[in-house]
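For the sequence shown, position 121 matches number 121 in full-length UniProt numbering, and the numbering has no gaps at all.
For glycine and all other residues, C-beta sits at the position ideal for the given N, C-alpha and C.
The structure displayed is predicted, hence computed values, not measured ones.
A short worksheet on the structure shown next.
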Amino acid sequence: MPRPASDRIMTMRLPLGKDNFATIISVYAPTMTNPDKNKEAGDFNARIGRDNDKWALVMGKHGIGKCNSNGELLLALCSEFELIVTNTMFKRKNERKAIWMHPRSGHWHMIEFIITRYRDKMNIHSTRAMRGSNCWTDHQMLRSKVAFRIQQKHNRQGTSKPTKLSRAKLSTINHRESFGQEMDSALA
């Protein structure tokens, strides 16, 4: 069941296997003009733009528009925690990447994101805006297709550790000869 962390943040933990879980964090981001020190993670309608030269490990090559100061904060946060913005990983039309169109200018804006750990980016197969979903809002729903790869832990019960050989004993002639005889009889 989803659990609220605050009035704007909700988390849900999905069991994937015996000891494996996926945690989904949903953050509602109203437009706010508070100073940076007063902003929570979801308070800043960030725009990360399309210039990924500086943020190559944090975003893909398919962003939209220009980066704003809140976008810089989001990208810095992603960089610090080794996260990647999956919206920018896939080549799509702007209206398939962005979720909101400005009513006067008609420009599409990418202000909602699906972010995952960089090491898990290969699990994300697609991230796109769902056009035509009627949610009683001017924003489009954002969807990501994920295929989790769960590696099973190998249980080594019942297997014995290999014995270590002491090469120091081979320096004496008696041990060397007895080892040679044991090897000959074992291979015969």
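Asked                                                                                                                                                      : Found
Can you tell me whether DSSP reads F179 as helix, strand or coil?                                                                                          : helix
Alpha carbons only, please: which of R3, D19, N20 is nearest the one belonging to M12?                                                                     : R3
Closest by CA to N70, which one among R92, N45, R50?                                                                                                       : N45
Out of G180, I150, E182, state which residue places its alpha-carbon closest to the alpha-carbon of K18.                                                   : I150
Thinking C-alpha only, which one of M183, C78, H109 is nearest L57?                                                                                        : C78
Helix, strand or coil: how does DSSP classify A98 here?                                                                                                    : coil
Apply the 10 Å Cβ neighbour rule to R167 and answer buried if 16 or more other Cβ atoms are within range, or exposed otherwise.                            : exposed
Quick test of your reading: I115 and I84, contact by CB under 8 Å. State the CB separation rounded to the nearest angstrom.                                : 7 Å
If we count Cβ pairs, one from each stretch, closer than 8 Å, do we get three or more for the stretch 169-177 versus the stretch 138-148?                  : no
Tell me which residues share the same chain as M130 and place their Cβ nearer than 8 Å to its Cβ, disregarding the 5 neighbours each side in the sequence. : Q140, M141, L142, R143
Helix, strand or coil, according to DSSP, for K66 in the structure here?                                                                                   : strand
Do R128 and K97 count as a contact pair if the criterion is CB distance below 8 Å?                                                                         : yes
What does the alpha-carbon distance come out to for the pair R119 and E82?                                                                                 : 8 Å
Measuring CB to CB, does M89 end up less than 8 Å from H107?                                                                                               : no
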